[in-house]
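Encoded as structure tokens, the structure appears first; notes follow it.
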Amino acid sequence: MTLTTLLIVTSTLLLSFARAHGGLANYTVGETWYRGYDPNTPKDDQVGKDWMVQRVWDSIDPIFFTNDTGLACNNPGTPATSYIPIEAGQELTGVYWYWLHPVGPMSVWLADCGGPCEDADVNQLNFFKIWEAGLLEGNLVEGMWYQKQFQKWDGSPALWPVTIPSTIKPGLYIVRHEIMSIHVANKPQWYPECAHLNITGTGSAVPSAFYVKFPGGYDPNDIDIYSDELKDATGLRFGESKSW
1 MTLTTLLIVT
11 STLLLSFARA
21 HGGLANYTVG
31 ETWYRGYDPN
41 TPKDDQVGKD
51 WMVQRVWDSI
61 DPIFFTNDTG
71 LACNNPGTPA
81 TSYIPIEAGQ
91 ELTGVYWYWL
101 HPVGPMSVWL
111 ADCGGPCEDA
121 DVNQLNFFKI
131 WEAGLLEGNL
141 VEGMWYQKQF
151 QKWDGSPALW
161 PVTIPSTIKP
171 GLYIVRHEIM
181 SIHVANKPQW
191 YPECAHLNIT
201 GTGSAVPSAF
211 YVKFPGGYDP
221 NDIDIYSDEL
231 KDATGLRFGE
241 SKSW
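If you want it as structure tokens, here you go:
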């Protein structure tokens, strides 16, 4: 089956999502499923509900600008009212029902809310990266990106498993999943979604450096995300923050 045929079949199955980019729909910890926000379901049926663990993202459209406040937790980023309980060292899996873009890095971040996350200003939180993956082999255009491996074309969801650091200090955190798509030259696209975590454990560790705020985590003059002259590049870095 050709890629064109696959796209036609997938678009038919996705119905209202036919022209969509994609987004993080649900989370799992072990065998427990946590429902995320659905931009295609009435907001009043979701916002403020005691089961809602994810901050509101109104559409599957990307963030285009590095100074957009939505770069933190998407727009409008309305706080969730509940938390995903998880132990340090456990695996958190992000569930995407589909993802269409193949080029660009993916990363996962945490930020200590310093109290109830529903009261936190996400643009003032200090985020630190706990996971990242990008170009696995080859060059920017023709190489294999983790984002491409992440895609599923068989009707099953794309799963993004990440382990919470085993030594992290317990507390209330925001987890931020970010996909950056760079398939269009000079026009990077960011797709962030955030959820609230209640991390338990006996650890006491916190990162000593590499904190960033959003906006602020990306430089608008960064050649790695804006240049159209990188078709042969293989060793790209995106942003200044390293993983903890």
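Mapped onto our numbering, the consecutive letters of the sequence shown carry residue numbers 1 to 244. Note that the Cβ used here is the ideal one computed from N, Cα and C, for glycine as well. In this text the structure is predicted, and so the values were computed from the model without any measurement.
Check                                                                                                                                : Outcome
What does the Cβ neighbour count give for P42, buried or exposed, with the cut at 16 atoms within 10 Å?                              : exposed
Figure out for me which residue from Q149, V29, Q124 has the closest Cα to the Cα of L136.                                           : Q149
Taking the beta carbon of L3 as the centre, do at least 16 other beta carbons fall within 10 Å, making it buried, or is it exposed?  : Confidence in L3 is poor, its pLDDT being 29 and thus under 50, which makes the residue's placement unreliable; the coordinate value appears in the next sentence. Exposed is the call here.
How do the segment 73-86 and the segment 99-112 stand: do at least 3 beta-carbon pairs fall below 8 Å, yes or no?                    : no
CB-CB under 7 Å to R35, same chain, minus the five flanking residues each way: which ones, in chain order?                           : N26, W51
Taking only the alpha-carbon atoms, compute the straight-line gap between T202 and H183 and give it to the nearest angstrom.         : 42 Å
So what's G36 in DSSP terms, helix, strand or just coil?                                                                             : coil
Which residue from I174, P220, P192, A88 puts its Cα closest to that of D119?                                                        : I174
Using three-state DSSP, classify L140 as helix, strand or coil.                                                                      : coil
What distance in whole Å lies between the Cβ atoms of L197 and I86, which are believed to be in contact at a cut-off of 8 Å?         : 6 Å
Measuring CA to CA, which of D38, C73, F128, W97 is closest to F210?                                                                 : F128
How close, in whole Å, do the beta carbons of E193 and W109 come, if the pair is a contact with beta carbons under 8 Å?              : Contact doesn't hold; Cβ gap of about 11 Å is too wide.
For W190, does the count of other Cβ atoms within 10 angstroms reach 16, so buried, or fall short, so exposed?                       : buried
To which residues does DSSP link D112 through a beta bridge?                                                                         : Y173
Would you decide whether N74 is buried or exposed? Buried here means 16 or more other CB atoms lie within 10 Å of its CB.            : buried
Who are the Cβ neighbours of S243 in its own chain at under 7 Å, not counting the five residues just before and after it?            : K129, I130, W131, E132
Run through DSSP, which three-state label would W244 get?                                                                            : coil
Spatial neighbours of P76 within its chain, please: C-beta separation below 7 Å, excluding the five flanking residues on both sides. : V56, D58
With distances taken Cα to Cα, identify the nearest neighbour of C113 among Y218, G217, N221, K213.                                  : K213
From I199 to N221, what does the alpha carbon distance come to, in whole angstroms?                                                  : 36 Å
Which partner residues does N26 have in the DSSP bridge list?                                                                        : R35, V95
Output yes or no for whether 8 Å exceeds the beta carbon distance between G22 and Y146.                                              : no
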